[in-house]
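If you read the protein sequences in the order shown, they are chains A and B.
Heads up: the first sequence begins at 1 in my numbering, then just goes up one per residue.
Heads up: the second sequence begins at 1 in my numbering, then just goes up one per residue.
Idealized CB from N, CA, C, for every residue including glycine.
Since the structure is predicted, the reported quantities are computational estimates derived from the model, not experimental observations.
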Amino acid sequence: MDTSTTERRIEHLEMRGIEKRFGTVVANRDVHLEISAGDILGLLGENGAGKTTLMNILYGLYRQEEGSVLINGEVVDIRSPKDSRRLRIGMIHQHFMLVDQHTVLENIALGDETVPFFFPRRAVRPRVEALAEDLGLDVDLDKKIYELSAGEQQRVEIIKALYRNADLLIMDEPTSVLTPQETEQLFATLRSMSENGHTVILISHKLEEIMAICNRVIVLRKGEVTGEANTADVQKTDLARMMIGRSISSSYPKADLEPGEPILRVSDLHVLDDRGLPATRGLSFEVCENEILGIAGVSGNGQREAVQAICGLRSSESGSVTLHGEEISNEAVRTISDLGLGHVPEDRMVHGIVGNLFLFENAVLKKHHQAPYSAHMRMDYREVRDHADALVSGYQVSAPSVSVPAKNLSGGNIQKLILGREISSAPSLLIASHPTYGLDVGAAEYVRLQLIERRDSGGAVLLVSEDLEELFAVCDRIAVMFEGKVMGVVDPSLATMEEVGLLMAGVVNESERAERSSVADAGIVDEGEPSFVAAADGNALPDDSATIATSAEVAE
Amino acid sequence: MDIVVNILVRTVVAGTPLLLATLGEIVTERSGILNLGVEGMMSVGAVTGFIVTFTSGSPWLGMLVATLVGAAFSSIHAFVTITLRANQVVSGLALTMLGLGISGLWGKPYIGRPLPVKMEAAPIPLLSEIPVLGRVFFSHDPYVYLSIVLGVTMWFALRYTRAGITLRSTGENPRAVESQGANVGLIKYVSVMIGGAFAGMAGAHLSTAYSRSWIEGMTSGRGWIVIALTIFALWEPSRAFLGAYVFGGVFVLQFVLQPLGISPNILAMLPYLMTVAILLVYGLTKQGKRRMAAPQTLGEAYIRGSR
Numbered sequence: 001m002d003t004s005t006t007e008r009r010i011e012h013l014e015m016r017g018i019e020k021r022f023g024t025v026v027a028n029r030d031v032h033l034e035i036s037a038g039d040i041l042g043l044l045g046e047n048g049a050g051k052t053t054l055m056n057i058l059y060g061l062y063r064q065e066e067g068s069v070l071i072n073g074e075v076v077d078i079r080s081p082k083d084s085r086r087l088r089i090g091m092i093h094q095h096f097m098l099v100d101q102h103t104v105l106e107n108i109a110l111g112d113e114t115v116p117f118f119f120p121r122r123a124v125r126p127r128v129e130a131l132a133e134d135l136g137l138d139v140d141l142d143k144k145i146y147e148l149s150a151g152e153q154q155r156v157e158i159i160k161a162l163y164r165n166a167d168l169l170i171m172d173e174p175t176s177v178l179t180p181q182e183t184e185q186l187f188a189t190l191r192s193m194s195e196n197g198h199t200v201i202l203i204s205h206k207l208e209e210i211m212a213i214c215n216r217v218i219v220l221r222k223g224e225v226t227g228e229a230n231t232a233d234v235q236k237t238d239l240a241r242m243m244i245g246r247s248i249s250s251s252y253p254k255a256d257l258e259p260g261e262p263i264l265r266v267s268d269l270h271v272l273d274d275r276g277l278p279a280t281r282g283l284s285f286e287v288c289e290n291e292i293l294g295i296a297g298v299s300g301n302g303q304r305e306a307v308q309a310i311c312g313l314r315s316s317e318s319g320s321v322t323l324h325g326e327e328i329s330n331e332a333v334r335t336i337s338d339l340g341l342g343h344v345p346e347d348r349m350v351h352g353i354v355g356n357l358f359l360f361e362n363a364v365l366k367k368h369h370q371a372p373y374s375a376h377m378r379m380d381y382r383e384v385r386d387h388a389d390a391l392v393s394g395y396q397v398s399a400p401s402v403s404v405p406a407k408n409l410s411g412g413n414i415q416k417l418i419l420g421r422e423i424s425s426a427p428s429l430l431i432a433s434h435p436t437y438g439l440d441v442g443a444a445e446y447v448r449l450q451l452i453e454r455r456d457s458g459g460a461v462l463l464v465s466e467d468l469e470e471l472f473a474v475c476d477r478i479a480v481m482f483e484g485k486v487m488g489v490v491d492p493s494l495a496t497m498e499e500v501g502l503l504m505a506g507v508v509n510e511s512e513r514a515e516r517s518s519v520a521d522a523g524i525v526d527e528g529e530p531s532f533v534a535a536a537d538g539n540a541l542p543d544d545s546a547t548i549a550t551s552a553e554v555a556e
Numbered sequence: 001m002d003i004v005v006n007i008l009v010r011t012v013v014a015g016t017p018l019l020l021a022t023l024g025e026i027v028t029e030r031s032g033i034l035n036l037g038v039e040g041m042m043s044v045g046a047v048t049g050f051i052v053t054f055t056s057g058s059p060w061l062g063m064l065v066a067t068l069v070g071a072a073f074s075s076i077h078a079f080v081t082i083t084l085r086a087n088q089v090v091s092g093l094a095l096t097m098l099g100l101g102i103s104g105l106w107g108k109p110y111i112g113r114p115l116p117v118k119m120e121a122a123p124i125p126l127l128s129e130i131p132v133l134g135r136v137f138f139s140h141d142p143y144v145y146l147s148i149v150l151g152v153t154m155w156f157a158l159r160y161t162r163a164g165i166t167l168r169s170t171g172e173n174p175r176a177v178e179s180q181g182a183n184v185g186l187i188k189y190v191s192v193m194i195g196g197a198f199a200g201m202a203g204a205h206l207s208t209a210y211s212r213s214w215i216e217g218m219t220s221g222r223g224w225i226v227i228a229l230t231i232f233a234l235w236e237p238s239r240a241f242l243g244a245y246v247f248g249g250v251f252v253l254q255f256v257l258q259p260l261g262i263s264p265n266i267l268a269m270l271p272y273l274m275t276v277a278i279l280l281v282y283g284l285t286k287q288g289k290r291r292m293a294a295p296q297t298l299g300e301a302y303i304r305g306s307r
């Protein structure tokens with residue numbers, strides 16, 4: 001089809017002794033990888049293990065310092081994506097390489113030199129339509145990318161790669177933006193591709209999905225291969241050990257505490273997003289003393305806007321937010337923060353710290369105007385430094401000194417600094433948005449333990465996360481948000497991830513609910529604290545709603 | 001009636017340098033590079049066009065050289081912003097000042113010396129005999145025709161060619177372009193230099209066709225109007241026609257209305273006021289906001305392979 005691709009199909013591909021350095025940092029060291037036609041290979045590793053770097057080398061975006069790539073036994077030289085495309089290698093990046101303002105068709109036509117110079121879309125359309133039909137992928141070619149959901153955009157990327165005759169498709173964290181159901185659909189597509197002799201390399205740090213879709217897996221840690229196996233022959237725990245060098249604890253010790261008085265109460269909150277469209281539509285929930293409430297949901301379902309509205313960073317249209325019974329909606333950020341709200345923001349580099357200020361200055365942000373750090377408009381830098389020193393040692397921040405610009409710290413250390421700053425004043429409510437995103441396992445575990453510590457010492461914690469394992473391990477209750485509303489609240493010790501996944505996709509499953517209700521009926525769950533509450537739009541309420549007491553926060 | 005036609009005829013001539021330079025700036029900005037050096041590039045084009053025409057006696061050679069010099073001059077901006085990844089605003093402003101200075105220096109010996117030949121009007125046979133339209137559009141110097149042909153070509157190329165898709169994508173998401181194997185740096189260089197060439201040609205029109213003399217600072221702020229026009233046009237060549245002729249008309253009106261006691265200063269403000277008004281109108285409607293979106297990475301340095 002594509003005449004620029006003169007190379008024959010990839011039967012076997014090998015990367016030998018790959019080494020890549022960025023300055024003094026070694027990203028890949030002596031990596032060996034082999035793959036044959038029809039394989040779906042998982043490339044497993046933590047953030048920063050060098051998975052993406054390795055694949056960028058294969059795709060020609062980076063150049064390795066040492067080592068070689070062999071296709072069908074012959075050494076090939078991949079200097080740019082142009083070369084890799086000629087060799088039938090395609091890559092779908094974690095952040096899609098699509099032009100939002102352009103149509104699907106224009107995006108696929110971009111860079112295709114085989115179509116006529118004039119009216120390229122006319123030549124591209126029939127080929128794309130045929131391809132989409134073959135794969136059973138349904139995409140409107142004339143829609144602009146920004147009009148499509150993440151799942152649809154990914155389909156465009158897959159079509160784009162296959163349109164270029166890719167034999168080997170590299171996918172970087174493909175499921176990170178998908179609902180569990182979209183993920184299933186993706187996996188089905190990948191399976192049918194594999195049956196057609198396509199080869200897939202899947203970069204992931206999620207064990208489940210590697211086990212679900214891959215037939216082989218290679219584990220990377222700190223740039224080196226630490227394990228290789230057929231997925232049929234290994235256990236998840238083995239892979240986890242290879243990935244992090246020790247086994248992970250799937251749950252954390254928590255003091256056995258009953259939730260106390262409600263601290264935060266959100267009811268019927270309506271907030272608009274940046275485009276002026278409703279982001280939350282009547283959101284209601286509450287968080288109590290000694291409790292961690294998790295907010296699950298695919299990103300873009302109003303979680304961000306809800307958190308911003310609670311913290312005072314975004315104005316709300318209607319509804320009420322109370323902290324200790326005091327109305328705080330549309331109050332100033334400082335007022336709310338002084339009432340005892342700590343916030344670990346989603347984008348730590350933008351909202352968590354001021355990168356160019358020193359670490360010690362960042363350590364007192366939000367409180368710099370108060371005693372003991374300042375008096376009569378004058379800063380007391382000795383106090384500030386002492387406080388910073390205390391945070392650095394108390395919260396395991398590793399920094400050369402407190403007098404370095406905060407932006408020079410690693411992501412994990414910045415997060416520990418922010419967490420320490422927010423927790424050290426013992427706020428009655430701590431809101432943490434994606435607090436472990438992008439952190440290595442050690443730092444993430446530390447952050448989670450600190451959240452639990454806050455709960456155990458009487459605080460209320462609101463944890464917004466897309467990491468279901470994290471939510472299940474840490475939270476006392478999980479509220480699932482979908483399209484700006486709470487779809488349901490589950491007890492992680494009773495619910496399964498599948499249930500939460502369905503709620504995240506906006507599905508309320510009848511039979512599941514019946515099962516749950518019988519569990520509740522059997523008295524396993526305390527009355528008034530149902531394990532699973534499906535509310536949605538009221539019409540989906542179960543018949544025996546007497547046994548499933550609709551929880552207050554949903555009914556309100 | 002006759003006076004209206006006369007105004008329209010002069011409007012098209014006055015709008016031509018604006019149109020040329022705006023078309024160039026659209027190409028540049030579509031690649032993601034903001035070049036505020038239009039005023040400087042036009043000045044350099046005007047002075048070189050004048051000198052070459054003066055010494056060689058050929059206004060066509062003057063046009064060619066001005067175009068090439070404009071492109072060469074803009075390559076300074078390309079080097080600084082693309083290769084060195086320096087701030088595009090600062091570099092563009094520097095280019096304007098440098099261009100005004102150089103043109104003043106080079107043009108000094110030619111001040112007050114009229115061109116022996118200028119780019120003469122060349123009415124197009126048959127077409128120019130159409131009533132009204134013939135006089136307004138088809139009885140001009142070749143620059144006018146050239147600007148119309150270039151504008152239509154550019155409109156077509158942006159929409160219906162492979163190169164057009166690539167250029168538009170570069171300003172929106174250079175990483176997507178790079179990942180398809182294209183050389184983003186090269187595309188940006190070429191786009192900046194096309195912008196320079198168009199601005200140089202626009203300058204030569206001022207000094208060898210619109211008037212036939214060189215005065216220091218003869219671009220008199222047209223380069224800045226071009227920046228405003230590029231936004232007014234929403235980075236679309238078709239709209240650049242409308243904008244350039246409307247603003248050209250304002251230039252003409254300054255002379256027509258002055259005898260009636262309307263201050264030329266007020267009229268000189270009109271182009272800028274209209275730009276603000278247009279931005280307001282677009283900014284207030286939802287649909288407009290979406291369309292008003294500049295190329296997404298406009299003004300940002302592109303670092304290859306970064307995330």
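Exposure label - residue i; buried when at least 16 CB within 10 Å
| i | result |
| --- | --- |
| Asn265(B) | exposed |
| Trp60(B) | exposed |
| Thr280(A) | buried |
| Thr175(A) | buried |
| Pro253(A) | exposed |
| Val31(A) | buried |
| Ser433(A) | buried |
| Arg63(A) | exposed |
DSSP bridge partner residues for residue i (one or two, in chain order)
| i | result |
| --- | --- |
| Ala229(A) | Val217(A) |
| Thr103(A) | Lys144(A) |
| Pro405(A) | Phe358(A) |
| Ser36(A) | His12(A) |
| Phe285(A) | Val266(A) |
| Leu341(A) | Leu429(A) |
Residue i CB to nearest heavy atom of the ligand MN below 7 angstroms
| i | result |
| --- | --- |
| Leu206(B) | In the structure on display, the ligand MN does not appear, and there are no ligands present to speak of. |
Rounded Cβ spacing between residue i and residue j (contact assumed at less than 8 angstroms)
| i | j | result |
| --- | --- | --- |
| Leu313(A) | Leu44(A) | In fact, because the Cβ distance is near 37 angstroms, the residues do not count as touching under 8 angstroms. |
| Asn413(A) | Ser425(A) | Incorrect: roughly 20 angstroms between the Cβ atoms, too far for contact. |
| Met171(A) | Ile263(A) | At roughly 42 angstroms, the Cβ-Cβ gap does not stay under 8 angstroms, so Met171(A) and Ile263(A) are not in contact. |
| Ser284(A) | Val266(A) | 6 angstroms |
| Leu429(A) | Leu365(A) | About 18 angstroms; that fails the 8 angstroms criterion. |
| Thr53(B) | Thr230(B) | Thr53(B) to Thr230(B), Cβ: 28 angstroms. No contact. |
For residue i, the three-state DSSP class (helix, strand or coil)
| i | result |
| --- | --- |
| Phe79(B) | helix |
| Gly185(B) | helix |
| Arg29(A) | strand |
| Gly15(B) | helix |
| Met481(A) | strand |
| Pro264(B) | helix |
| Lys236(A) | helix |
| Glu515(A) | Since pLDDT at Glu515(A) reaches only 46, below the 50 mark, its modelled position is unreliable, and the value read off the structure follows with that caveat. Of the three classes helix, strand and coil, the one that applies to Glu515(A) here is helix, per DSSP. |
| Leu471(A) | helix |
**OP:** Kindly confirm or deny that the stretch 66 to 74 of chain A and the stretch 9 to 23 of chain A touch, where touching means at least three C-beta pairs closer than 8 angstroms.
**Re:** yes
Original post:
Does the stretch 94 to 101 of chain A come close enough to the stretch 146 to 165 of chain A that 3 or more CB-CB pairs lie under 8 angstroms?
Top reply: yes
**OP:** Answer yes if the stretch 275 to 293 of chain A comes into contact with the stretch 463 to 476 of chain A, meaning at least three C-beta pairs across the two stretches below 8 angstroms, and no otherwise.
**Re:** yes
**OP:** For the stretch 170 to 190 of chain B and the stretch 75 to 87 of chain A, state whether three or more C-beta atom pairs, one from each stretch, are separated by less than 8 angstroms.
**Re:** yes
Original post:
Is the stretch 29 to 39 of chain B close to the stretch 219 to 236 of chain B, with three or more CB pairs under 8 angstroms?
Top reply: yes
Subject >> Meets three-Cβ-pair contact criterion under 8 angstroms: the stretch 201 to 215 of chain B and the stretch 51 to 71 of chain B >> reply: yes
Original post:
Using 8 angstroms as the Cβ pair cut-off and three pairs as the minimum, do the stretch 4 to 13 of chain B and the stretch 164 to 175 of chain B touch?
Top reply: no
Original post:
Are three or more beta carbon pairs between the stretch 433 to 447 of chain A and the stretch 342 to 351 of chain A nearer than 8 angstroms?
Top reply: yes
Original post:
On the three-pair Cβ rule with 8 angstroms, is the stretch 130 to 143 of chain B touching the stretch 70 to 80 of chain B?
Top reply: no
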